[in-house]
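> Mapping to our numbering: the sequence shown position 163 is 757, numbers consecutive.
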Amino acid sequence: MILSAIAAMARNRVIGVDGDLPWNIPEDFKFFKDKTSGHAMIMGRKTFESLPQALPGRLHIIVTRQEGYAPSLPANAKPGTALKVVSTIEDAVAFARTKTSEYGDEVFILGGGEIYKQMLSITDRIYLTEIHQDFPGDTKFPEFSKTEFIETERKPRKAGEGPNPSSVSFDFVTYDRK
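(1) Check each candidate in 651, 604, 618 and 736 and name the one with the smallest Cα separation from residue 629.
(2) Using a threshold of 9 angstroms, state whether the C-beta atoms of residue 714 and residue 636 are closer than that.
(3) Under the rule that 16 or more other beta-carbon atoms within 10 Å means buried, what is residue 700, buried or exposed?
(4) For residue 707, count neighbouring Cβ atoms within 10 angstroms of its own Cβ and tell me buried if that reaches 16, exposed if not.
(5) Decide yes or no for the touch test of the stretch 722-730 against the stretch 596-608: beta carbon pairs closer than 8 angstroms, at least 3 of them.
(6) Which of the three DSSP states is assigned to residue 675 in this structure?
(7) Terminal residues of the continuous alpha helix (DSSP H) containing residue 688?
(8) I need the DSSP call for residue 745, collapsed to helix, strand or coil.
(9) Going by alpha carbons, who is nearest to residue 639 out of 666, 598 and 741?
(10) Spatial neighbours of residue 676 within its chain, please: C-beta separation below 6 angstroms, excluding the five flanking residues on both sides.
(11) Below 8 angstroms on the Cβ atoms is my guess for residue 599 versus residue 690; work out the distance and round it to an integer in Å.
(12) So who's on the other strand from residue 658, going by DSSP bridges?
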C-alpha cells in the first residue's frame, strides 16, 4: 500500500483558511479529482465537513475524536462512494489496508494540517500543488525534509494558461520518499 499526501500549498505553506481553500484553481481541482477518483482517502473530520458532499467513487475514512460522529451518504451517492469513521490514524491506515482490492493500492491523505503532520512519518509520496504566491490562512502544510523525500516530477503552470486558466502560477510537484 502506498500512502500519498495530496495538497495545494501557497509559498508561505498555507493550505487553508477558516475551513476552506484560500484560492480557486480549477486545474488543481481536476488534478485532485483525477488522482483520488476510485481510491480510499484519509482525512480529519473538519476536512470532510469542508467538502460540499461525499466525493463520488471514493472511500472517505474520517478520523475524529468526536464520539458518535456518524455522517451519512446522500441518497443519490454514486457506486463506490463510502464512509468510514475511525478514532485514530492507526485505525484509518489499518482499515484502508483492508480495502486495497476494492479501492487500489494508493491511499490518499487529504488533511487537514494535523492529519498531514501526524502522518508525514509514514507517508510514501506527496503530491503538492506549489502555488507561487503567499496567501493568508490558519492551516499550513508541515515542513518535510528534502533528505527524506526527493522531487520526482514537476509540471509548471503559468497564470492564464491551460483550458481553465488560473490567476496564479503554480507547479504540480511529486515527491517520493527516498
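A virtual CB, placed ideally from N, CA and C, is assigned to each residue, including glycine.
None of the values given here were measured: they were computed from a predicted structure.
So, to answer that:
(1) The sequence position of residue 629 within the sequence shown is 35, counting from 1. For the residues 651, 604, 618 and 736, the minimum Cα distance to residue 629 belongs to 651.
(2) Numbered from its first residue, the sequence shown carries residue 714 at position 120. Numbered from its first residue, the sequence shown carries residue 636 at position 42. Their beta carbons are not under 9 angstroms apart, which means residue 714 does not touch residue 636 by this criterion.
(3) Residue 700 sits at position 106 when you count from the first residue of the sequence shown. Buried, because 16 or more other Cβ atoms sit within 10 Å of the Cβ of residue 700.
(4) Working through the sequence shown from its first residue, we reach residue 707 at position 113. Taking all protein chains in view, the Cβ of residue 707 is crowded by 16 or more other Cβ atoms within 10 Å, so the residue is classified as buried.
(5) yes
(6) Translated into positions along the sequence shown, residue 675 becomes position 81. Note: residue 675 maps to coil in three-state DSSP.
(7) For the purposes of this step, residue 688 is taken as the residue at position 94 of the sequence shown. Secondary structure note for residue 688: its alpha helix (DSSP H) is the uninterrupted segment 683-692.
(8) Taking the first residue of the sequence shown as position 1, residue 745 is located at position 151. Strand at residue 745.
(9) In the sequence shown, the residue the question calls residue 639 occupies position 45. Nearest of 666, 598 and 741 to residue 639, Cα basis: 666.
(10) For the purposes of this step, residue 676 is taken as the residue at position 82 of the sequence shown. Excluding positions up to five away in sequence, the list reads 653.
(11) Here the question's residue 599 lines up with position 5 in the sequence shown. Here the question's residue 690 lines up with position 96 in the sequence shown. Not really, about 14 angstroms apart at Cβ, beyond 8 angstroms.
(12) In the sequence shown, residue 658 corresponds to position 64, counting from 1. Note: residue 658 sits in no beta bridge, so no partner.
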